[in-house]
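Note sheet for the following structure.
In my numbering, the protein residues as written are 11 to 206.
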């Protein structure tokens with residue numbers, strides 16, 4: 011379980027294709043504090059630490075992960091958002107984020123208004139029913155609030171701290187983003203199926 015509060019950004023330092031997937035190494039400021047088998051969200055995708063040292067850690071991306079995310083197109087030197095799993099006694103500041111990418115959208119517009127930023131993202135049809143205005147959504151692992159909603163697009167307002175501490179500052183129109191809708195909406199839909 012994650013909160014969508016990005017701890018740091020990391021840099022992809024190596025990529026190696028492997029049988030049935032891909033292995034990547036990410037340089038991270040908290041790498042020395044990791045343990046093997048620990049979960050880390052990489053731009054919103056929950057992955058497992060296989061090896062680590064004081065400067066970097068290694069992850070394996072299965073074919074399933076590569077098919078459902080845009081991680082098949084990342085390159086050495088790319089920045090990624092990082093968040094370690096929430097400890098049981100940790101402070102909960104964002105919203106319930108599982109690290110299960112529901113779909114991939116694209117940046118549709120970026121606008122600075124004063125100190126804030128407004129980002130628009132495309133919304134796949136399969137996810138639209140789970141997104142509501144003023145509801146929570148995770149974009150590249152960042153817990154954000156939907157400011158405006160249309161049939162195929164949503165907008166979020168981004169404060170300077172979020173813009174500066176995440177990869178949003180590097181995003182341009184057309185860039186892909188991972189989307190994870192609020193899991194509560196999916197459970198409500200499943201529980202009420204027989205009544206609709």
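Beta carbons are placed, not taken as given, at the ideal position from N, Cα and C, and that holds for glycine.
Euclidean distance between Cα positions of residue i and residue j
| i | j | result |
| --- | --- | --- |
| residue 103 | residue 11 | 12 Å |
| residue 61 | residue 127 | 37 Å |
| residue 152 | residue 54 | 7 Å |
| residue 197 | residue 191 | 11 Å |
| residue 144 | residue 172 | 18 Å |
| residue 22 | residue 202 | 42 Å |
| residue 129 | residue 188 | 14 Å |
| residue 2 | residue 100 | Nothing about residue 2 can be read from this structure; the chain reaches only from 11 to 206. |
| residue 64 | residue 52 | 18 Å |
| residue 156 | residue 141 | 8 Å |
| residue 204 | residue 195 | 16 Å |
| residue 123 | residue 169 | 10 Å |
| residue 76 | residue 46 | 22 Å |
| residue 82 | residue 150 | 15 Å |
| residue 134 | residue 29 | 30 Å |
Counterpart residues of residue i in DSSP-defined beta bridges
| i | result |
| --- | --- |
| residue 119 | 130 |
| residue 19 | 91 |
| residue 113 | 189 |
| residue 12 | 107 |
| residue 58 | 49 |
| residue 41 | Paired residues: none, contrary to the question. |
| residue 139 | Note: residue 139 sits in no beta bridge, so no partner. |
| residue 156 | 166 |
| residue 68 | 35, 61 |
| residue 28 | 31 |
| residue 84 | Residue 84 pairs with nothing; no bridge assigned. |
Beta-carbon separation (whole angstroms), residue i vs residue j, contact threshold 8 Å
| i | j | result |
| --- | --- | --- |
| residue 66 | residue 41 | 6 Å |
| residue 35 | residue 68 | 5 Å |
7 Å CB neighbourhood of residue i in its chain, flanking five on each side removed
| i | result |
| --- | --- |
| residue 44 | 59, 62, 67 |
| residue 136 | 113 |
| residue 132 | 115, 116, 118, 162, 163 |
| residue 110 | 56, 190 |
| residue 180 | 89 |
| residue 167 | 126, 128, 157 |
Cut-off 6 Å between Cβ atoms - residues of its own chain near residue i, not counting five sequence neighbours on either side
| i | result |
| --- | --- |
| residue 176 | 16, 91, 152 |
| residue 148 | 14, 54, 107, 190 |
| residue 94 | 50 |
| residue 32 | 71 |
| residue 80 | 114, 186 |
| residue 38 | 20, 92 |
Residues of its chain near residue i, where Cβ-Cβ distance is below 8 Å and the 5 sequence neighbours each way are ignored
| i | result |
| --- | --- |
| residue 96 | 11, 12, 13, 102 |
| residue 19 | 89, 90, 91, 92, 175, 176, 177 |
| residue 8 | Because the chain in this structure spans residues 11 to 206, residue 8 falls outside the shown range and cannot be described. |
| residue 138 | 161, 162 |
Exercise for review: Could you name each continuous beta strand (DSSP E) segment of 3 residues or more that falls completely within the stretch 159-195, going from the start of the chain to the end?
Suggested key: 163-168, 186-191
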